[in-house]
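For reference, the structure discussed in these notes is given below.
Residue numbers (the numbering used here): 4 to 691.
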């Protein structure tokens with residue numbers, strides 16, 4: 004195209020200019036749909052084939068977009084086409100380089116190519132007589148954003164499109180698809196295609212739709228395409244020498260989940276597109292059948308489980324699932340898949356269920372990573388909202404700001420050097436692209452410095468700052484209670500509060516968390532590996548619950564663990580075969596004493612260490628405890644009383660089927676239960 008421009012002044016033609024620009028935009032639309040940013044689009048990299056059609060080439064500086072891949076280093080997918088986090092290098096040629104690339108914004112997307120296309124669009128419509136004229140005019144266009152007045156007067160529509168393409172804010176530039184749909188002159192082919200699309204969407208007559216599907220599945224065409232299979236189809240997700248290790252990871256995960264009395268709820272890996280819970284529909288892997296039906300590969304394991312709970316009106320249960328989740332791949336590659344483990348508790352009180360869910364995740368993570376390298380980050384939706392209000396972030400921009408900070412800042416440890424250095428890079432993008440004021444950006448920076456870090460220190464600071472906000476104070480109380488539960492269970496990993504961390508999925512409300520590990524990262528780096536995410540999802544349960552049912556939906560909390568993260572690097576401990584799991588569950592009960600929650604939690608921690616399962620409840624009545632045992636087929640009950648603990652230090656063990664009971668010293672309870680379980684409680688001597 005550069006050579007074509009050299010003779011362009013004598014052969015300029017309006018229709019030809021539109022034709023060339025349309026082909027350039029069509030090429031960009033295809034490139035971007037494959038998850039690629041060109042980053043060096045200039046006339047010198049645009050070529051003509053033998054039919055004189057445009058071809059975009061020289062992808063030496065190209066970068067892959069981060070599609071919604073859930074690569075488990077970034078659980079929060081970005082909306083739209085995607086982003087590249089490699090925005091700090093100087094690429095492209097001066098006149099065609101987008102401002103955000105020159106300013107080294109940390110997050111760029113496909114809109115950098117649209118800026119370059121805008122400059123090329125101007126050159127198509129403004130031929131130059133000399134190289135000097137080109138230099139002067141393009142310099143004004145680059146530095147001042149001004150096109151020649153005479154040209155703007157002659158081509159007002161083109162001038163308006165040019166201003167949009169060269170807009171300093173990437174979010175305000177049109178995408179390639181938007182240009183093709185709205186801004187370019189229509190072609191005869193477009194009208195014909197629109198007619199076909201209208202007929203396809205007509206439910207009364209499926210003839211055209213069936214013909215289109217038949218053509219897509221034409222075996223001769225499919226065989227021809229398979230003559231040159233994509234490289235990705237030859238690659239395996241895991242090496243063969245990892246298969247045994249992967250089996251062990253699955254078995255260890257099952258052991259940990261079952262120790263906490265969870266039962267498996269199997270999720271179908273493929274289901275029909277039904278229009279329910281469409282929040283992730285743009286990110287799922289869709290499959291078209293030969294019969295014209297649209298199917299989806301499993302994107303996440305929680306929503307199908309919630310639908311099952313709602314359909315069966317379950318008010319209390321623990322479940323686990325270990326399965327593959329799928330993500331769209333870049334280009335024509337086959338979909339990516341990742342092994343994920345979910346653990347959920349339906350019903351129960353918020354602090355203790357939250358604490359147990361994190362305890363489950365840590366019990367599993369500790370089998371593969373050093374405890375000292377694990378970091379738990381907490382946040383609360385009400386707290387995040389209060390901090391945004393305190394900082395002055397406009398309501399309509401909060402979601403975009405949260406997503407931006409998540410992908411550029413939150414992946415680093417709070418109060419570490421790498422995170423602090425990010426502010427020099429993201430400040431410009433917050434001001435220009437997200438259009439925040441200097442005051443708001445400064446307050447967000449202050450929030451990162453003061454309200455992100457060690458949980459105890461941050462809680463005190465937040466109470467002093469947000470004392471006027473009742474919902475924020477309630478959130479701080481919830482966090483304090485939750486932290487107390489974790490300490491009772493001796494969760495000693497570093498616990499941080501990160502008020503700038505958004506929930507990893509749309510359905511998490513109230514308290515949510517993420518678990519990271521620095522193990523395997525360079526010693527000088529504060530970039531961590533994300534291992535698990537979770538939180539409360541009552542909203543998802545309420546949306547799935549049928550309004551015709553008389554009962555209210557139960558509370559729900561869960562965690563999703565990236566099990567394939569246990570494969571890379573050298574784990575801190577070997578993945579051995581799981582221990583043989585006993586088949587007896589124990590319910591720790593109380594009589595009086597306000598439920599004796601802390602005392603029961605301490606006893607429970609001892610039982611878990613001995614691989615003895617138990618079921619927690621916060622402050623139930625004696626009848627409720629017996630009913631719970633009956634509903635969950637629990638035969639062994641351990642009773643603690645305030646008097647027993649303070650006077651005799653005895654606890655009572657009762658087996659419902661054997662109709663036997665015995666007072667046991669608290670220090671001997673684990674030993675007694677281990678022996679009794681090994682004998683299935685049938686040997687009379689254990690009760691003597």
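Every residue gets a Cβ at the ideal spot worked out from N, C-alpha and C, and that includes glycine.
The beta strand (DSSP E) that contains residue i, what's its start and end?
i	result
residue 316	Run containing residue 316: none; DSSP gives neither H nor E here.
residue 361	Per DSSP, residue 361 belongs to no beta strand (DSSP E); it is in the alpha helix (DSSP H), 353-368.
residue 246	No beta strand (DSSP E) contains residue 246, which is instead part of the alpha helix (DSSP H) from 246-262.
residue 385	Residue 385 -> not in any beta strand (DSSP E); alpha helix (DSSP H) instead, spanning 384-394.
residue 456	455-457
residue 57	57-59
residue 322	320-330
residue 671	First-last for residue 671: undefined, no H or E at that position.
residue 624	Premise fails: residue 624 is in no beta strand (DSSP E) and is neither H nor E.
residue 372	From DSSP, residue 372 is part of no beta strand (DSSP E); its letter is neither H nor E.
residue 564	559-565
residue 301	Where residue 301 is concerned, there is no enclosing beta strand (DSSP E), given that its DSSP letter is neither H nor E.
residue 340	339-349
residue 594	588-594
residue 274	273-275
residue 641	639-644
residue 131	From DSSP, residue 131 is part of no beta strand (DSSP E); its letter is neither H nor E.
Start and end of the alpha helix (DSSP H) containing residue i?
i	result
residue 163	159-168
residue 110	Element bounds for residue 110: n/a, residue is neither H nor E.
residue 410	401-411
residue 294	No alpha helix (DSSP H) contains residue 294, which DSSP labels as neither H nor E.
residue 423	420-435
residue 696	The requested residue 696 does not occur in the structure, where the chain is confined to residues 4 to 691.
residue 32	17-36
residue 142	134-146
residue 650	Looking at the DSSP string, residue 650 is not in any alpha helix (DSSP H), and its letter there is neither H nor E.
residue 216	210-219
Less than 8 Å between the beta carbons of residue i and residue j, yes or no?
i	j	result
residue 492	residue 608	yes
residue 549	residue 179	no
residue 298	residue 329	no
residue 506	residue 406	no
residue 502	residue 390	yes
residue 114	residue 176	yes
residue 533	residue 519	yes
residue 565	residue 341	yes
residue 154	residue 129	yes
residue 41	residue 59	yes
residue 656	residue 668	no
residue 360	residue 259	no
residue 365	residue 494	yes
residue 353	residue 214	no
Around the C-beta of residue i, are 16 or more other C-beta atoms found within 10 angstroms, so that it is buried, or is it exposed?
i	result
residue 526	Reliability fails at residue 526, whose pLDDT of 45 lies under 50, so the model's placement of it is uncertain and the value that follows must be treated cautiously. Label assigned to residue 526: exposed.
residue 2	Missing from the structure shown is residue 2; the chain here goes from 4 to 691 and no further.
residue 218	exposed
residue 199	exposed
residue 569	buried
residue 509	exposed
residue 266	exposed
residue 637	buried
residue 611	buried
residue 625	exposed
residue 87	Because residue 87 sits at a pLDDT of 48, beneath the cut-off of 50, its placement in the model cannot be relied upon, and the following sentence gives the value as read from the coordinates. Buried, by the Cβ-count rule.
residue 687	exposed
residue 7	exposed
residue 53	exposed
residue 554	exposed
residue 481	buried
residue 95	Per-residue confidence for residue 95 stands at a pLDDT of 44, beneath the threshold of 50, marking its modelled position as unreliable; no derived number is given.
residue 174	exposed
Is residue i close to the ligand SAM? I mean its beta-carbon at under 7 Å from any heavy atom of the ligand.
i	result
residue 495	No copy of the ligand SAM occurs in the structure displayed, which carries no ligand at all.
### Query
With contact counted as at least three CB pairs below 8 Å, one residue from each stretch, are the segment 559-567 and the segment 287-306 in contact?
yes
### Task
Report yes or no: do the segment 462-471 and the segment 419-436 share at least 3 C-beta pairs separated by less than 8 Å?
no
### Message
Going residue by residue through the segment 477-547, where are the continuous alpha helix (DSSP H) segments of at least 4 residues, counting only ones entirely within it?
### Response
541-547
### Sufficient close CB pairs (3 or more, under 8 Å) joining the segment 24-31 to the segment 114-134
yes
### Message
I'd like to know if the segment 315-329 and the segment 338-357 are in contact, where contact means that at least 3 CB-CB pairs between them fall below 8 Å.
### Response
yes
### Message
Taking contact to mean 3 or more Cβ pairs, one atom from each stretch, closer than 8 Å, check whether the segment 383-401 and the segment 436-446 are in contact.
### Response
yes
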